[in-house]
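Residue numbers (UniProt numbering): 1 to 474.
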């Protein structure tokens with residue numbers, strides 16, 4: 001770990017700082033997982049070694065639980081899976097992901113000892129666990145997890161004390177990192193990366209984290225000077241500073257003192273009302289519309305959970321009708337409704353409406369997010385592709401180019417999603433040239449291509465908001 005060094009600051013604790021200058025897109029360090037498991041809901045659809053989603057997976061012939069891409073992945077996993085395989089067979093059922101991850105951590109400690117593992121600058125059992133900060137209900141949940149773990153843990157393995165096991169569960173709760181599939185579009189598991197756990201939070205960070213080819217990469221978002229502290233954001237910036245502070249205190253047990261929280265930077269944009277000379281809404285009007293938006297978002301959540309997407313769109317349209325004369329384009333309640341409307345309309349194959357909602361959404365996002373924010377890049381990519389599907393080729397290509405520039409920084413040129421986007425960028429560039437040479441011929445060719453193409457059913461819109469970089473037990 002030549003590129004970083006550990007430091008301790010009074011009142012803040014440990015952190016990492018750069019030992020050399022970095023620029024946007026530089027990989028400061030890459031780190032394999034100390035231990036990782038697939039989510040309970042995806043154990044039959046995701047490889048337990050490389051975390052790739054596959055249609056057909058090979059199942060472990062002994063425990064019937066673990067699944068792998070092929071014999072190579074199965075062989076690579078055996079050192080880690082051997083003890084797990086025997087424990088599952090003996091127990092007769094499969095424990096939850098947190099129990100499985102705690103066991104994998106302790107089996108690795110059993111194999112290698114409690115000291116520093118190769119490439120780590122901190123021991124896993126020396127990470128923050130905040131067990132002493134848990135509330136009564138959380139302590140009951142922890143006690144239940146420890147009891148389940150002890151039933152799962154084989155008597156022939158090394159014995160660890162209850163307090164030590166509790167601390168490992170605390171480490172998982174505070175530091176479990178969300179692992180994505182090969183394209184980075186879906187969270188499929190949870191892992192512990194000890195070095196990453198030392199990178200402190202900032203709502204406007206100088207780094208981002210991406211899972212790529214079996215490792216996490218800490219990537220610079222801009223110029224980082226030698227000696228500068230490295231930071232990532234644990235939560236989505238698209239929330240008011242008070243909401244981010246509450247979330248960080250509740251989930252990570254610290255008070256955020258970053259400049260954006262201390263000064264409430266961009267809060268004014270996120271709560272902005274329209275300021276037209278003809279009609280400037282009163283404070284009471286704004287308050288009423290925001291409350292209506294909150295109530296509508298709750299109703300939308302219920303409708304989405306039941307797959308009632310036409311009802312979702314009805315609620316979105318009603319809400320937008322009330323929002324548009326009152327809320328500014330950067331207001332987070334307007335942006336949340338636009339995001340849902342765009343996603344659902346794309347699923348329903350109404351790309352023209354989806355593109356209109358997406359355009360309004362990304363225009364607001366670009367005034368709020370850091371210019372190299374990964375979520376901004378992904379939103380621009382989806383909006384660009386939606387415009388492409390809608391036949392708005394100029395706008396779509398522009399958005400795709402902006403998204404590609406961001407993802408080169410946040411994901412890097414070798415990440416599968418960046419490669420996919422590069423192909424789309426070349427395709428839209430070619431179509432745009434054809435469009436400018438002869439618009440009539442372009443639309444005729446497009447119409448013929450669409451008529452001959454079987455209808456593509458897009459994945460259902462996600463029922464939950466995207467998870468943050470750290471996986472928190474709810």
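For glycine and all other residues, C-beta sits at the position ideal for the given N, C-alpha and C.
A quick note: this is a predicted structure, and the numbers were derived from the prediction, not measured.
Apply the 10 Å Cβ neighbour rule to residue i and answer buried if 16 or more other Cβ atoms are within range, or exposed otherwise.
i, result
"residue 540", "Any question about residue 540 goes unanswered here, given that the chain covers just 1 to 474."
"residue 64", "exposed"
"residue 531", "Nothing about residue 531 can be reported from this structure: the residues present for the chain run from 1 to 474 only."
"residue 93", "exposed"
"residue 364", "buried"
"residue 253", "exposed"
"residue 79", "exposed"
"residue 480", "Summary: the structure shown does not reach residue 480, with the chain confined to residues 1 through 474, and so no result is reported for it."
"residue 266", "buried"
"residue 196", "buried"
"residue 201", "buried"
"residue 155", "exposed"
"residue 339", "buried"
"residue 182", "buried"
"residue 206", "buried"
"residue 2", "exposed"
"residue 173", "buried"
So the beta strand (DSSP E) residue i belongs to, where does it begin and stop?
i, result
"residue 216", "215 to 220"
"residue 475", "Examination of residue 475 is not possible in this model, given that the chain is present from 1 through 474 alone."
Shortest alpha-carbon distance to residue i belongs to which of the options?
i, options, result
"residue 75", "113, 88, 47, 98", "47"
"residue 217", "179, 253, 227", "179"
"residue 170", "184, 133, 187", "133"
"residue 390", "197, 348, 423", "348"
"residue 314", "332, 342, 240, 326", "342"
"residue 212", "440, 414, 427", "414"
"residue 198", "440, 14, 387, 339", "14"
"residue 36", "45, 288, 77, 20", "77"
"residue 330", "360, 319, 61", "360"
"residue 382", "393, 399, 299", "399"
"residue 131", "167, 109, 62, 120", "167"
"residue 301", "275, 271, 4, 344", "344"
"residue 258", "245, 309, 181, 114", "245"
"residue 31", "386, 327, 319, 122", "122"
"residue 176", "387, 33, 53, 285", "33"
"residue 256", "88, 210, 233", "233"
DSSP state of residue i, grouped into three classes?
i, result
"residue 58", "strand"
"residue 479", "An answer regarding residue 479 cannot be provided, because it is not within the stretch 1 to 474 covered by the chain."
"residue 210", "strand"
"residue 21", "coil"
"residue 463", "Low confidence applies here, because residue 463 scores a pLDDT of 46, under 50, leaving its location unreliable; read the following figure in that light. Of the three classes helix, strand and coil, the one that applies to residue 463 here is coil, per DSSP."
"residue 133", "helix"
"residue 228", "coil"
"residue 27", "strand"
"residue 441", "helix"
"residue 236", "coil"
"residue 223", "coil"
"residue 241", "helix"
"residue 326", "coil"
At a threshold of 7 Å, does residue i count as lining the ligand ATP (C-beta to nearest heavy atom)?
i, result
"residue 74", "Absence of the ligand ATP from the depicted structure is noted, as is the absence of any ligand whatsoever, leaving it without description."
Checking contacts by CB at 8 Å: is residue i closer than that to chain B?
i, result
"residue 375", "Of the protein chains in the structure, only one exists, and it is not chain B."
Which stretch, first to last residue, makes up the alpha helix (DSSP H) that contains residue i?
i, result
"residue 416", "416 to 437"
"residue 292", "283 to 305"
"residue 318", "309 to 323"
Along the chain, which unbroken stretches of the beta strand (DSSP E) at least 3 residues long are found entirely within the segment 144 to 206? Uninterrupted beta strand (DSSP E) stretches at least 3 residues long and entirely within the segment 144 to 206 occur at 177 to 180, 187 to 192, given in chain order.
Write down every uninterrupted run of the alpha helix (DSSP H) in the segment 247 to 281 whose length is 4 residues or greater and which is fully enclosed by it, in chain order. Secondary structure within the segment 247 to 281: the alpha helix (DSSP H) runs of 4 or more consecutive residues, fully enclosed, are 259 to 262, 267 to 270 (chain order).
Where are the alpha helix (DSSP H) runs, 4 residues long or more, that stay fully inside the segment 328 to 405, in chain order? Fully enclosed alpha helix (DSSP H) runs of 4 or longer: 332 to 347, 351 to 368, 374 to 390.
I'd like the ranges of any beta strand (DSSP E) spanning at least 3 consecutive residues and lying wholly in the segment 29 to 93. Taking only runs of at least 3 residues, the beta strand (DSSP E) segments lying wholly in the segment 29 to 93 are 35 to 38.
Segments of 3+ residues assigned as beta strand (DSSP E) that fall wholly inside the segment 98 to 127: Taking only runs of at least 3 residues, no beta strand (DSSP E) segment lies wholly in the segment 98 to 127.
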